[in-house]
Amino acid sequence: DGGITQSPKYLFRKEGQNVTLSCEQNLNHDAMYWYRQDPGQGLRLIYYSQIVNDFQKGDIAEGYSVSREKKESFPLTVTSAQKNPTAFYLCASRGRAGEAFFGQGTRLTVV
Amino acid sequence: AQTVTQSQPEMSVQEAETVTLSCTYDTSENNYYLFWYKQPPSRQMILVIRQEAYKQQNATENRFSVNFQKAAKSFSLKISDSQLGDTAMYFCALRHSQYSGGGADGLTFGKGTHLIIQP
Numbered sequence: 161d162g163g164i165t166q167s168p169k170y171l172f173r174k175e176g177q178n179v180t181l182s183c184e185q186n187l188n189h190d191a192m193y194w195y196r197q198d199p200g201q202g203l204r205l206i207y208y209s210q211i212v213n214d215f216q217k218g219d220i221a222e223g224y225s226v227s228r229e230k231k232e233s234f235p236l237t238v239t240s241a242q243k244n245p246t247a248f249y250l251c252a253s254r255g256r257a258g259e260a261f262f263g264q265g266t267r268l269t270v271v
Numbered sequence: 017a018q019t020v021t022q023s024q025p026e027m028s029v030q031e032a033e034t035v036t037l038s039c040t041y042d043t044s045e046n047n048y049y050l051f052w053y054k055q056p057p058s059r060q061m062i063l064v065i066r067q068e069a070y071k072q073q074n075a076t077e078n079r080f081s082v083n084f085q086k087a088a089k090s091f092s093l094k095i096s097d098s099q100l101g102d103t104a105m106y107f108c109a110l111r112h113s114q115y116s117g118g119g120a121d122g123l124t125f126g127k128g129t130h131l132i133i134q135p
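Chains as they are written, first to last, in our numbering: chain L, 161 to 271; chain U, 17 to 135.
Shown next, in the form of structure tokens:
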């Protein structure tokens, strides 16, 4: 089945540590996105990539980094510069009609 | 900048009733897409319905339909014959049809409406 796979489902980060969230898609979509979701908030855009080897900052990119070396993969690194990383992270790709297809998300908690 | 506003943080209705969720938006673009997404307790985001701004006809998907008022920048979702499985967060979202270069690509989301269907 085609779709977006995020891993891990739960992730715990210690203070000062970098962690990487995985996102893989087999939908053959060019554009991919990372969103952050906090309680009582909608989704906010962190980074996006419209094509391999290219990516752009979204609305809340500080403290995050990404890479897009393959069409299928768009990993997100939460760096130690992100002061409040506890949140639910969603990866998505864009379909032909402009709609977003989402993964099941990663819950990141600082311990 | 584009914005999406959902003014109802929470709604509760009885099973089988009809419910309407409100959404207003602001954009300077003429061509764009509007979406409603459902997020059940599993937190998986599920596309419910989409509407292209250039289409005057309101989109319909089974029990779900929209009332798209372009001049008023309003995009409400109507759920008919509501079911227990409709209990979820519902998010309204906006996307420009083409990357204009004036801002980030991607969807702009409202803060959501928590819909509870009572048995």
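From the three backbone atoms N, C-alpha and C, an ideal C-beta is built for every residue, glycine too. These numbers come from a predicted model, not from an experiment.
Look at the Cβ atom of residue i, then the Cβ atom of residue j, and state whether they are nearer than 8 Å.
i, j, result
"U/Y41", "U/R111", "no"
"L/T237", "L/V270", "no"
"L/Y208", "L/Q216", "yes"
Exposed or buried, what is residue i when buried is set at 16 or more other beta-carbons lying within 10 Å of its beta-carbon?
i, result
"U/T129", "buried"
"U/T163", "Because residue 163 of chain U is not part of the residues shown, which for chain U are 17 to 135, the question remains open."
"U/L100", "exposed"
"U/S44", "exposed"
"U/D102", "buried"
"U/Q55", "buried"
Which two residues bound the contiguous beta strand (DSSP E) that contains residue i?
i, result
"L/V238", "236-238"
"L/R228", "Premise fails: L/R228 is in no beta strand (DSSP E) and is neither H nor E."
"U/E26", "26-30"
"U/K54", "48-55"
"L/S253", "247-254"
In angstroms with no decimal places, state the Cα-to-Cα distance between residue i and residue j.
i, j, result
"U/G117", "U/L123", "Low local confidence applies: a pLDDT of 45 at U/G117 is under 50, so the model's placement there is unreliable, with the coordinate-based value given in what follows. Each residue's Cα considered, the two are about 15 Å apart."
"L/L268", "U/V29", "33 Å"
"L/G258", "L/D190", "12 Å"
"U/P25", "L/Q242", "28 Å"
"U/N83", "U/N74", "6 Å"
"L/Q166", "L/F172", "15 Å"
"U/S98", "U/P135", "10 Å"
For this session: Starting from the N-terminal side, write out each stretch of the beta strand (DSSP E) that is 3 residues or longer and does not extend beyond the segment 166-224 of chain L.
Result: 170-173, 179-185, 192-197, 203-211, 214-217
Exercise. In the segment 59-126 of chain U, which residue ranges form an unbroken beta strand (DSSP E) of at least 3 residues, counting only runs that do not cross its ends?
Worked result: 62-68, 80-85, 90-95, 104-112
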